[in-house]
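The sequence shown begins at 5 in this note's numbering and counts up by one.
Written out below as structure tokens is the structure these notes cover.
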Amino acid sequence: MLKKKYERPFIKKMSVGILDKTGVQPAFTPVTHIDGVAVSELIRKYGTPLFVMSEQQIRLNYQAMFRAFSTRYPKVQCAWSYKTHYNNAICRIFHQEGSWAEVVSGFEYRKALQNGVPGSQIIFNGPDKQEEELRLAVTQESLIHIDHFEELYLLTSVCESLGKKAQVAIRVNMDTGVYPIWDRFGFNFENGQAWTAIQKIAASNMLSLTGLHTHIGTFMLSTDAYAVAARKLSTLALKCKAELNIVVKYIDMGGGFPGINTLKGTYGAIQLPTVDAFAEAITSTMLEAGFPPADLPLLILESGRLLVDDAGYLLGTVLANKKLSDGRKATIMDFGVNILFTSFWYDHKISPAQEVSAYQEDTVIYGPLCMNIDVVREHLSLPLLNRGDHVVVHNVGAYNMTQWMQFIAMRPAIILIDTKGDTHVIRQKENLEYLEQLEQIPKHLQ
Ligand SMILES: *Cc1c(COP(=O)(O)O)cnc(C)c1O
Numbered sequence: 005m006l007k008k009k010y011e012r013p014f015i016k017k018m019s020v021g022i023l024d025k026t027g028v029q030p031a032f033t034p035v036t037h038i039d040g041v042a043v044s045e046l047i048r049k050y051g052t053p054l055f056v057m058s059e060q061q062i063r064l065n066y067q068a069m070f071r072a073f074s075t076r077y078p079k080v081q082c083a084w085s086y087k088t089h090y091n092n093a094i095c096r097i098f099h100q101e102g103s104w105a106e107v108v109s110g111f112e113y114r115k116a117l118q119n120g121v122p123g124s125q126i127i128f129n130g131p132d133k134q135e136e137e138l139r140l141a142v143t144q145e146s147l148i149h150i151d152h153f154e155e156l157y158l159l160t161s162v163c164e165s166l167g168k169k170a171q172v173a174i175r176v177n178m179d180t181g182v183y184p185i186w187d188r189f190g191f192n193f194e195n196g197q198a199w200t201a202i203q204k205i206a207a208s209n210m211l212s213l214t215g216l217h218t219h220i221g222t223f224m225l226s227t228d229a230y231a232v233a234a235r236k237l238s239t240l241a242l243k244c245k246a247e248l249n250i251v252v253k254y255i256d257m258g259g260g261f262p263g264i265n266t267l268k269g270t271y272g273a274i275q276l277p278t279v280d281a282f283a284e285a286i287t288s289t290m291l292e293a294g295f296p297p298a299d300l301p302l303l304i305l306e307s308g309r310l311l312v313d314d315a316g317y318l319l320g321t322v323l324a325n326k327k328l329s330d331g332r333k334a335t336i337m338d339f340g341v342n343i344l345f346t347s348f349w350y351d352h353k354i355s356p357a358q359e360v361s362a363y364q365e366d367t368v369i370y371g372p373l374c375m376n377i378d379v380v381r382e383h384l385s386l387p388l389l390n391r392g393d394h395v396v397v398h399n400v401g402a403y404n405m406t407q408w409m410q411f412i413a414m415r416p417a418i419i420l421i422d423t424k425g426d427t428h429v430i431r432q433k434e435n436l437e438y439l440e441q442l443e444q445i446p447k448h449l450q
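What follows is the structure in structure tokens.
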């Protein structure tokens with residue numbers, strides 16, 4: 005046996021925390037300003053936790069997306085997905101930019117009307133449209149996207165009682181090569197249900213088939229899936245013309261383009277396709293599908309998270325630090341999963357809001373709730389933060405401010421920084437009075 009070589013011993017500094025795929029430990033640059041506004045000033049004025057939305061970033065995102073599609077295809081329309089963020093101020097930014105509204109419930113529908121969106125520019129999606137709501141939508145000449153046969157029959161009877169035709173599309177689900185298939189919404193393409201629904205609409209005196217819709221999933225990483233979906237909807241549309249002499253006026257490709265967040269377990273190692281790549285996949289498929297130029301359908305997009313996620317920040321304050329039984333460090337923040345619902349599937353980037361030391365330690369980030377699942381980050385390599393220090397959580401603009409819970413703590417205020425750098429409260433912090441507004445005490449307990 006060969007004698008092993010002697011190696012000189014050396015001391016290497018241990019580096020804790022999770023490295024990304026390139027072996028780089030993230031450095032912490034304090035985030036002291038958002039759109040030129042000092043974070044410390046926002047916190048002094050409004051306290052924490054505090055949601056901050058950037059109007060400028062929303063407009064830039066919208067314009068980039070619209071440009072990606074409209075430079076490749078002649079007829080493009082965006083419809084703002086209300087459930088992603090239905091604060092009226094945010095919706096109105098999108099409507100000012102030219103977006104229609106895409107709603108999935110009766111109250112979202114009424115919000116869109118109250119935000120000044122003409123009925124004919126409201127897309128009514130979702131499996132639960134009440135008779136009353138359908139009546140309103142037919143009267144307002146909205147685009148009603150039928151989800152199931154029961155809804156088709158209900159809508160027909162609503163139209164008959166009103167003596168008014170409805171502009172409808174069907175939602176189509178399909179195999180796009182991404183699994184599991186979202187086949188619970190709409191009618192399936194492969195098993196023929198979608199075609200059956202189209203035939204029923206074509207045979208109806210009350211329903212007029214205007215469009216075809218799909219929404220194949222969310223945080224989609226595959227541009228190919230959109231190409232497949234666009235091809236299948238185009239095929240259906242061409243079949244409508246060939247067999248039923250119906251010209252489908254629009255194809256609505258839904259949303260689902262990923263925001264820039266890091267999905268749990270991926271450590272940022274996934275390369276997300278750009279909006280241009282999605283646009284290329286969809287538009288080239290539609291342009292090559294064989295539509296006569298005059299019948300080229302309008303392309304509608306219902307992108308949600310991509311357009312607001314990186315425009316939203318959550319400002320928070322450190323409440324305490326402690327050592328856990330296994331030796332790990334834990335930091336307790338004044339915001340938890342009650343207002344950061346997306347922390348269940350994203351590893352949110354968290355930055356200190358003031359100067360920090362270079363030394364980092366693996367840290368668990370807890371929220372303030374008396375509930376074991378209130379974990380904002382399982383592992384985060386963080387510099388030492390003391391009680392009273394502030395942090396900025398990034399990319400929280402999508403879904404958090406609609407899915408947030410009023411549990412143990414009140415929901416915080418939302419601030420909008422406008423394009424001039426002025427700040428506006430667009431939703432006040434909740435208080436006890438607000439919470440108890442709907443409560444009633446029976447007489448025997450008074
Ligand atoms: C939620 C939803 C959207 C938006 O989805 P994102 O993943 O946020 O882009 C669009 N269309 C429909 C029908 C939806 O349900």
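Ideal placement from N, C-alpha and C gives every residue a C-beta, glycine not left out.
Predicted, not measured: the structure shown is a model, and the values here were computed from it.
Check                                                                                                                                                                          : Outcome
Using C-beta distances below 6 Å, list every residue in its chain close to Val400, excluding the 5 sequence neighbours before and after it, in chain order.                    : Gly316, Leu318
Specify which residues have a beta carbon nearer than 5 Å to any heavy atom of ligand 1, listing them in chain order.                                                          : Ser85, Thr88, Asn129, His219, Thr222, Gly258, Gly259, Gly260, Glu306, Ser307, Gly308, Arg309
From the DSSP secondary-structure annotation, give me the bridge partner or partners of Gly320.                                                                                : Val395
With DSSP as the reference, label Lys79 as helix, strand or coil.                                                                                                              : coil
Can you list, in chain order, the stretches of the beta strand (DSSP E) that have 3 or more residues and sit fully within the segment 278-340?                                 : 302-305, 316-327, 333-337
Can you grab the Cα-Cα spacing for the pair Phe98 / Lys327, in whole Å?                                                                                                        : 46 Å
Could you round the C-beta distance between Gln364 and Leu386 to whole angstroms and report it? I think they count as a contact, below 8 Å.                                    : 6 Å
Does the Cβ-Cβ distance between Pro184 and Met224 come in under 8 Å?                                                                                                           : no
Take Asp299 and list the residues in its own chain whose beta-carbon comes closer than 6 Å to its own, dropping the five residues that flank it on each side.                  : Val251
Leaving out five residues before and five after Ile264 in sequence, what residues of the same chain have Cβ atoms less than 8 Å from its Cβ?                                   : Leu276, Asp313, Asp314, Asn399
To which residues of the same chain is Lys16 closer than 8 Å at the C-beta, ignoring the five residues directly before and after it?                                           : Only weak support exists for where Lys16 lies, its pLDDT of 46 falling under 50; the coordinates are left without a value.
Straight-line CA distance for Gly425 to Ser208?                                                                                                                                : 54 Å
Select from Lys353, Val396, Leu388, Val341 the residue whose C-alpha is nearest the C-alpha of Tyr370.                                                                         : Val341
For Asp366, which of helix, strand or coil comes out of DSSP?                                                                                                                  : strand
What's the call for Pro297, buried or exposed, on a 16-neighbour Cβ count within 10 Å?                                                                                         : exposed
Since Asp256 is in the beta strand (DSSP E), which residue starts that stretch and which ends it?                                                                              : 254-256
For Asn65, does the three-state DSSP call read helix, strand or coil?                                                                                                          : helix
Pull up the DSSP beta-bridge partners for Arg381, would you.                                                                                                                   : Ile369
With a 10 Å radius around its C-beta and 16 neighbouring C-beta atoms as the bar for buried, classify Met409 as buried or exposed.                                             : exposed
Assuming the contact rule is C-beta atoms closer than 8 Å, Ala93 and Ile430 should be a hit. Round their C-beta distance to whole Å, please.                                   : 4 Å
On the CB-based measure, 16 or more other CB atoms within 10 Å of its CB, does His89 come out buried or exposed?                                                               : buried
What residues match up with Gln100 in a beta bridge as DSSP calls it?                                                                                                          : Answer is none; Gln100 lacks a bridge partner.
Do Asp228 and Glu306 have their CB atoms nearer than 8 Å?                                                                                                                      : no
Under DSSP, the alpha helix (DSSP H) around Ala207 begins and ends at which residues?                                                                                          : 197-207
Along the chain, where does the beta strand (DSSP E) containing Thr227 start, and where does it finish?                                                                        : Unbroken run through Thr227 is the alpha helix (DSSP H), 227-248; no beta strand (DSSP E).
Closest by CA to Val108, which one among Pro122, Arg96, Leu147, Glu101?                                                                                                        : Leu147
Nearest by alpha-carbon distance to Gly258: which of Ser44, Ala173, Glu112, Glu247 is it?                                                                                      : Ala173
May I have the straight-line CA-CA distance separating Leu216 from Ala198, to the nearest angstrom?                                                                            : 10 Å
Pro387 bridges to which residues according to DSSP?                                                                                                                            : Gln364
Once DSSP output is grouped into helix, strand and coil, what is the label at Met414?                                                                                          : coil
Provide the residue span of the alpha helix (DSSP H) that contains Ser124, from first to last.                                                                                 : It is not in any alpha helix (DSSP H) - Ser124 carries neither H nor E in the DSSP assignment.
Do you know offhand how far Thr75's Cα is from Gln81's?                                                                                                                        : 13 Å
Taking all protein chains shown into account, do 16 or more other C-beta atoms lie within 10 angstroms of the C-beta of Val162, making it buried, or fewer, making it exposed? : buried
Output yes or no for whether 8 Å exceeds the beta carbon distance between Phe193 and Lys236.                                                                                   : yes
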